[in-house]
Amino acid sequence: MPETASVHSLASTLQQHLADALTAALPDAGVADPLLRRSDRADFQANGILALAKKTKSNPRDLAAQVTSAIPANELIKDIEVSGPGFLNITLTDRAITETLAARAADDRLGVPYAENPGTTVIDYAQPNVAKEMHVGHLRSAVIGDAMAKIMEFEGEKVVRRHHIGDWGTQFGMLIQYLTEHPTELDHKNADDAADVDGEAAMSSLNRLYKASRALFDSDEEFKARARDRVVALQAGDPETLALWQRFVDESKIYFYSVFNKLDMEIDDPDIVGESGYNAMLEETCQILEDSGVAVRSEGALCVFFDDVKGPDGNPTPLIVKKTNGGYGYAATDLSAIRDRVQNLKATTLLYVVDARQSLHFKMVFETARRAGWLNEDTKAVQLAFGTVLGKDGKPFKTREGETIRLVDLLDEAIERASAVVREKAKDLTEAEITERGTQVGIGAVKYADLSTSANRDYKFDLDQMVSLTGDTSVYVQYMHARSCSIKRKAGDLSPQPHPELELAPAERAMGLHLDQFGTVLDEVSTEYAPHKLAAYLFQLSSLFATFYDQCPVVKPEVPKDVAENRLFLSDLTARTLSQGMTLLGIRTPERL
Ligand code: ARG
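Listed below in structure tokens is the structure:
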């Protein structure tokens, strides 16, 4: 086990001092929050005195002065002054900043503590559908889910991944029937090809088969009847039918894996538990709901009603758990999955990274599960709902012919554009190196663009902007990281070394204070399910590094050795923080760009 020693952030230590002083000044006022914020005028500003003064009917400026004198002697605060109606402006000592950063640098986890009460989160993400193309919506779920899973795991949460793929439904009747009548359709023509070509080959035969069977289904009444019988056979668990169904699933998985691989994302086979995985539970789930009165019969279907869910006509829209024809749908599957995840996987949190257009479904499913007692105070369910990916024109992303755009085509284009940027930048690279870095930059760009907007918002898929070296892009962050690595290479004998006795330049202070916030940000990201806050943090760190790079030379003869060592130390900690942060977002940080 690597050594880990968590480090209190400067802000939290300061917060504690102020809270103690508030209590000392007003012992009867109860616990008061000093409301500490980063500030432009000093390092921090505390705004909490105003509210407290109001509450205790005292003069805010007097109270602020009182609090100031109640702060015990400490090494942290250099200067504290009362300003405005009763704010406190606080400046920290350079020594405290450097020493805290030195403690972070000495730790493998950069001093980030593990969460105090970790639980088990089952995260449902990256859930494409069998025999169908993956589109940009599947990209969002995969990218956001992968980042959230990594971040929560880093924070010490037990994370169980579930890829709830769409592998069940009546459409398989038509597909399977067609395959029995055209048995060589899924045989590979180029089985020896490289892995990614294999994925493409798999998808193209699935596509062909889908189109052909659909056409037959729509035009040939007899085939339609045979397809319907197939559905019945599939649901009854007929072994021959199931074996054919399995072929579709396997074939699709070849394709999914090729895409996930391109996305530089690890997906483990046992974590793929699709809709079919809950078949055995469906009947019992419905039985429990009916017996407990949570679900009622309505026009032959088994339904759950909600006071606040009504259709445009004003009539209630129920959640249908069992259809009139006895079939189970999406809802019954999700309810069964909840039972499995809570009862067998012992989840304390269920997190669903799913398109916002399914929000009503999840609202109803969660409420049903609460009524049934599967969800309670100990187990919560959250949908991390994401918005739509738009084209450059601001309309939902489609080809000119109005078809959904294939995810792989987008990824290939991103890699191509990024490779061009890499080729432009570094003239001394081999073709293989350009491809490798182009892939890391291109895939990183796509992921970052997705992660840097708050998930619930729509965003425009604009490749030119995504691979730009300036602005809020992964390329910019990767570039600043690579710059820091290059400083280290050029530093020769000089080694990164903190010197707490040195005064810090403004650019060093600003970067140092930001570096110290890494753990706080991760904490926010994992409790709010807001990965964009990590992207914003890393972008800001990169910008602060750019200023530092301009203003604080390291390897220049006129820079004294201790100053150079301290700068190298700051630069190095920045590189490590950028790299750790990007890794958690699923993005590579090559040492050279
Ligand atoms: N396969 C679905 C789709 O492509 C997403 C599944 C979401 N997860 C769930 N448990 N329902 O839209």
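Just so you know, we're using UniProt numbering here: the sequence shown kicks off at 1 and counts up by one. Note that the Cβ used here is the ideal one computed from N, Cα and C, for glycine as well. Here the structure is a predicted model, which is why all the values come from computation and not from measurement.
Of all the options the options, which has the alpha carbon lying nearest to the alpha carbon of residue i?
{"i": "A201", "options": "T583, S252, W168 and L513", "result": "S252"}
{"i": "A46", "options": "T68, G30, K57 and D28", "result": "T68"}
{"i": "K556", "options": "H481, A546 and L568", "result": "L568"}
{"i": "V421", "options": "L407, T404, D269 and A445", "result": "A445"}
{"i": "H164", "options": "L186, S336 and T368", "result": "S336"}
{"i": "P270", "options": "M364, D20 and R161", "result": "R161"}
{"i": "V408", "options": "E284, V136, M511 and S219", "result": "V136"}
{"i": "H182", "options": "V159, L216 and I405", "result": "L216"}
{"i": "A243", "options": "G274, E221 and F172", "result": "F172"}
{"i": "A546", "options": "A21, I144 and Q478", "result": "Q478"}
{"i": "S474", "options": "L494, D450, S495 and E413", "result": "D450"}
{"i": "Q16", "options": "A70, A53 and G492", "result": "A70"}
{"i": "Q287", "options": "L302, A42, E275 and G274", "result": "L302"}
{"i": "G277", "options": "D308, G166, F366 and G327", "result": "G166"}
{"i": "P553", "options": "L541, N566 and S542", "result": "N566"}
{"i": "R26", "options": "K57, H8 and D43", "result": "Sequence inspection shows Leu at residue 26; the Arg mentioned does not correspond to that position. When only C-alpha atoms are compared, the closest one is K57."}
In the structure shown, what three-state DSSP assignment does residue i receive?
{"i": "L35", "result": "coil"}
{"i": "V365", "result": "helix"}
{"i": "I254", "result": "helix"}
{"i": "C303", "result": "strand"}
{"i": "K55", "result": "helix"}
{"i": "Q383", "result": "strand"}
{"i": "Y125", "result": "coil"}
{"i": "residue 598", "result": "The structure shown does not extend to residue 598, since the chain is modelled only from 1 through 593, so no value can be given for it."}
{"i": "Y537", "result": "helix"}
{"i": "K395", "result": "coil"}
{"i": "H8", "result": "coil"}
{"i": "E284", "result": "helix"}
{"i": "L319", "result": "strand"}
{"i": "R161", "result": "strand"}
{"i": "F419", "result": "Looking at the sequence shown, residue 419 is not Phe but Ser. Here S419 sits in helix by DSSP."}
{"i": "V232", "result": "helix"}
{"i": "R297", "result": "strand"}
{"i": "S83", "result": "strand"}
{"i": "Y448", "result": "helix"}
{"i": "D572", "result": "helix"}
{"i": "N117", "result": "coil"}
{"i": "Y352", "result": "strand"}
{"i": "V467", "result": "coil"}
{"i": "T241", "result": "helix"}
{"i": "I71", "result": "coil"}
{"i": "Y529", "result": "coil"}
{"i": "D193", "result": "For D193, the predicted model reports a pLDDT of 49, less than 50, meaning its position is unreliable; a value from the coordinates is still stated below. Of the three classes helix, strand and coil, the one that applies to D193 here is coil, per DSSP."}
{"i": "T404", "result": "strand"}
{"i": "Q497", "result": "coil"}
Quick check on the burial criterion: 16 or more other C-beta atoms within 10 angstroms. Buried or exposed for residue i?
{"i": "E528", "result": "exposed"}
{"i": "V232", "result": "exposed"}
{"i": "H499", "result": "buried"}
{"i": "I80", "result": "buried"}
{"i": "Q127", "result": "buried"}
{"i": "R483", "result": "buried"}
{"i": "K55", "result": "exposed"}
{"i": "D472", "result": "buried"}
{"i": "G237", "result": "exposed"}
{"i": "L360", "result": "exposed"}
{"i": "S213", "result": "buried"}
{"i": "Q177", "result": "buried"}
How many whole angstroms separate the CB atoms of residue i and residue j, which I take to be in contact at a CB cut-off of 8 Å?
{"i": "L10", "j": "A96", "result": "6 Å"}
{"i": "A131", "j": "L14", "result": "Actually they do not touch by this definition, with Cβ atoms about 57 Å apart."}
{"i": "A142", "j": "M265", "result": "6 Å"}
{"i": "K447", "j": "I587", "result": "5 Å"}
{"i": "L411", "j": "D124", "result": "Contact doesn't hold; Cβ gap of about 23 Å is too wide."}
{"i": "A51", "j": "L63", "result": "A51 to L63, Cβ: 11 Å. No contact."}
{"i": "I423", "j": "I434", "result": "It is worth fixing the name first, because residue 423 is Arg in this sequence and not Ile. Confirmed, Cβ separation roughly 5 Å."}
Could you confirm whether any beta carbon from chain B is found closer than 9 Å to the beta carbon of residue i?
{"i": "A372", "result": "Of the chains in the structure shown, none is chain B; there is only one protein chain."}
Return yes when the C-beta of residue i is under 8 Å from any heavy atom of ligand 3, and no when it is not.
{"i": "Q15", "result": "Within the structure as shown, ligand 3 is missing, the only ligands being ligand 1."}
Problem set entry | Three or more C-beta pairs below 8 Å linking the stretch 446-466 and the stretch 387-396 | In short, these stretches touch, since the Cβ pair count reaches three.
Exercise. Does the stretch 342-354 touch the stretch 377-387, meaning 3 or more C-beta pairs lie closer than 8 Å?
Worked result: They touch, by the three-pair rule.
Problem set entry | Three-pair Cβ contact test at 8 Å for the stretch 428-437 versus the stretch 463-477 | Taking a cut-off of 8 Å for Cβ pairs, the stretch 428-437 and the stretch 463-477 do not touch, as fewer than three such pairs fall below it.
Exercise. Does the stretch 570-583 come close enough to the stretch 95-110 that 3 or more CB-CB pairs lie under 8 Å?
Worked result: Of all C-beta pairs linking the stretch 95-110 to the stretch 570-583, three or more are shorter than 8 Å, placing the two stretches in contact.
Exercise. Are three or more beta carbon pairs between the stretch 283-302 and the stretch 313-329 nearer than 8 Å?
Worked result: Between the stretch 283-302 and the stretch 313-329 there are three or more inter-stretch CB-CB distances shorter than 8 Å, so the stretches are counted as touching.
For this session: Would you check if there are 3 or more beta carbon pairs closer than 8 Å linking the stretch 79-93 to the stretch 474-489?
Result: No, the stretch 79-93 is not in contact with the stretch 474-489.
For this session: Evaluate the contact criterion for the stretch 514-522 versus the stretch 104-118: three or more CB pairs, one atom per stretch, below 8 Å.
Result: Flag = yes, the stretch 514-522 and the stretch 104-118 touch.
For this session: For the stretch 244-262 and the stretch 149-162, state whether three or more C-beta atom pairs, one from each stretch, are separated by less than 8 Å.
Result: These segments do not touch.
Exercise. How about the stretch 497-516 and the stretch 433-443: do they share at least three Cβ pairs that are nearer than 8 Å?
Worked result: No: fewer than three Cβ pairs fall under 8 Å.
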